[in-house]
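So the structure is just underneath, and the comments pick up after that.
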Amino acid sequence: MRFEYTEVARYQRRLEESLQRIIPICSDPLRTGAFCSIGTEQGLVLVTFPLLFPPVEKWEKYHRLAGEKVWRLGQHPDHIMGRESADESREQYGGAFRTAPYGQNGFIVAVSGLPLMEEDEAVGMWGLWRMKEIDFSTSPSLSHHWITNAICTQLRSAA
Numbered sequence: 007m008r009f010e011y012t013e014v015a016r017y018q019r020r021l022e023e024s025l026q027r028i029i030p031i032c033s034d035p036l037r038t039g040a041f042c043s044i045g046t047e048q049g050l051v052l053v054t055f056p057l058l059f060p061p062v063e064k065w066e067k068y069h070r071l072a073g074e075k076v077w078r079l080g081q082h083p084d085h086i087m088g089r090e091s092a093d094e095s096r097e098q099y100g101g102a103f104r105t106a107p108y109g110q111n112g113f114i115v116a117v118s119g120l121p122l123m124e125e126d127e128a129v130g131m132w133g134l135w136r137m138k139e140i141d142f143s144t145s146p147s148l149s150h151h152w153i154t155n156a157i158c159t160q161l162r163s164a165a
């Protein structure tokens with residue numbers, strides 16, 4: 007599915023709902039917000055926006071990291087998840103994913119602001135799953151990590 011720029015407000019609303027559901031069960035339930043970047047499958051950032059209320063002193067960092075995740079995943083057409091090229095020593099974290107394999111008209115979603123990359127991934131995946139933009143049954147590689155999978159499973163069963 008293609009990302010439609012006219013739908014930014016809808017994406018932001020759904021991802022904020024996702025973040026509200028994940029914060030209480032994440033490794034730091036005192037987090038107040040994050041940033042999300044959405045980009046082309048080649049890694050061109052189309053839009054970056056806050057989710058809920060990230061601390062003002064973290065805005066620049068979360069904004070930068072979300073965009074970097076989109077760009078980096080775009081440089082690796084054979085990767086589905088940003089974690090595949092993560093290098094924490096260079097501040098290159100996981101937390102991004104493709105909505106479809108490269109070349110299949112998908113886009114990249116990245117979230118930055120939660121302590122674990124699996125939690126950032128789960129915010130995006132849960133939000134897009136609720137919008138019917140991704141389907142775990144046809145894209146099992148999206149939820150291959152046990153923490154991401156556990157969070158998404160917990161949220162799906164509560165939906």
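With this note's numbering applied, the sequence shown covers 7 to 165.
The beta-carbon is built from N, C-alpha and C at its ideal position, and this holds for glycine as well.
Item: So for Ile28, helix, strand or coil by DSSP?; Value: helix
Item: Who are Arg70's beta bridge partners in DSSP?; Value: Arg70 pairs with nothing; no bridge assigned.
Item: On the CB-based measure, 16 or more other CB atoms within 10 Å of its CB, does Arg16 come out buried or exposed?; Value: exposed
Item: Alpha carbons only, please: which of Met131, Phe59, Arg27, Glu74 is nearest the one belonging to Ser43?; Value: Glu74
Item: Under three-state DSSP, which class holds Met87?; Value: strand
Item: With DSSP run on the structure shown, which of helix, strand or coil describes Gln98?; Value: strand
Item: If the criterion is Cβ atoms closer than 9 angstroms, does the pair Ala40 and Ala72 meet it?; Value: yes
Item: Taking the continuous alpha helix (DSSP H) assigned at Gly130, which residues delimit it?; Value: 123 to 136
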